[in-house]
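First comes the structure, then the notes that go with it.
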Amino acid sequence: MATDSQPIHKTLRSNSIQAHNIGSFGLSFSKFAEMARSFTSDAQSRMESQLEIQAIKAIGTVASVVKEISVSEMLPRTPDIIFINITTLEDQPFCIELTEKGWRICSLRCDCMIGDFTKLDLFVNYYNSLFEILKFISPEYNEKHAEFVNDNTFDELNNGCHHEGSSSDQNWSDINSSPNSSNEFLNNLININ
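Once you know that position 6 of the sequence shown is 6 in full-length UniProt numbering, the rest is easy, because the numbers rise by one and skip nothing.
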């Protein structure tokens with residue numbers, strides 16, 4: 001009987017090596033998440049996803065005003081949904097969902113899709129940009145953003161408005177129509193508060 005159990009045991013072991021490794025975490029969590037994503041969508045469509053492009057651009061732009069930001073490696077990533085982990089300057093982690101509807105706070109933890117049901121109003125709103133979320137969740141971001149806009153607008157006004165005519169000849173319509181004008185600066189200050 002010992003000889004019969006030996007071949008059966010070998011057969012079971014050789015067929016269950018992959019399952020055994022996953023069960024004992026022989027695969028890293030990131031590799032496991034990558035495998036899970038490969039079953040839910042093909043790599044070609046993920047690479048061409050407009051949401052992924054939007055997420056990557058937002059991460060690059062926001063990285064200087066948060067402590068940490070990255071695309072979640074644990075949660076699903078498809079052409080229709082991407083999850084981004086953010087830790088604000090106040091050390092508060094968030095998981096942000098990006099879909100065609102917009103940006104939404106999903107959780108007060110990274111790599112988590114389940115929000116706190118006692119703060120339901122925090123998790124049901126969609127925002128047009130990651131910046132709108134940061135304005136809502138990070139007071140330190142608001143301070144840095146206001147300083148940045150103020151410094152850039154001041155520099156632009158000082159460097160971009162010099163010309164040989166007198167100050168009364170200044171074409172203020174050019175400044176008011178520029179994307180980083182003082183009017184936009186004032187509007188941003190009003191919207192921040």
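No residue lacks a Cβ here, since even glycine has one placed at the ideal position from N, Cα and C.
Given that a residue counts as buried once 16 or more other Cβ atoms are within 10 Å of its Cβ, and exposed if not, what is V124? Counting C-beta atoms within 10 angstroms of its own C-beta, V124 has fewer than 16 neighbours from the protein chains shown and is therefore classed as exposed.
Given a threshold of 16 other Cβ atoms within 10 Å of its Cβ, counted over all protein chains shown, does L134 qualify as buried or as exposed? With 16 or more Cβ atoms within 10 Å of its Cβ, L134 is classed as buried.
Counting Cβ pairs closer than 8 Å, one from the segment 137 to 147 and one from the segment 68 to 76, do we hit at least three? For the pair of segments examined, the segment 137 to 147 was found not to touch the segment 68 to 76: the number of CB pairs separated by less than 8 Å stays below three.
For residue 207, count the other beta carbons within 10 Å of its own beta carbon; 16 or more makes it buried, fewer makes it exposed. Which is it? Here the chain comprises residues numbered 1 to 193, so residue 207 is not present and cannot be evaluated.
Backbone CA spacing between D116 and I96 [nearest angstrom]: Cα to Cα, the separation comes out at about 14 Å.
Per DSSP, what kind of secondary structure is A19 in: helix, strand or coil? Any answer about A19 is weak, because its pLDDT of 36 lies below 50 and its placement is not dependable; what the coordinates show is given next. Correct three-state label for A19: helix.
To the nearest angstrom, how far is the alpha carbon of Q50 from that of F131? About 18 Å.
On the criterion of 16 or more Cβ atoms from any shown chain inside 10 Å, does N85 qualify as buried, or is it exposed? Residue burial annotation: N85 is buried, with at least 16 other C-beta atoms found within 10 angstroms of its C-beta.
Which first and last residues belong to the beta strand (DSSP E) in which I133 is found? Secondary structure note for I133: it is in no beta strand (DSSP E), and the uninterrupted alpha helix (DSSP H) holding it is 130 to 137.
Once you ignore the five residues that flank L122 on each side, which residues in its own chain have a CB closer than 6 Å to its CB? Apart from the 5 residues on each side of it in sequence, L122 sits with its Cβ closer than 6 Å to the Cβ of I105 in its chain, given in chain order.
Could you check if C110 is buried or exposed, using at least 16 other CB atoms within 10 Å of its CB as the buried criterion? In summary, C110 is buried, with 16 or more beta-carbon neighbours lying within 10 Å of its beta-carbon over all protein chains present.
Beta-carbon gap between E68 and E140 smaller than 8 Å: Cβ atoms of E68 and E140: not closer than 8 Å.
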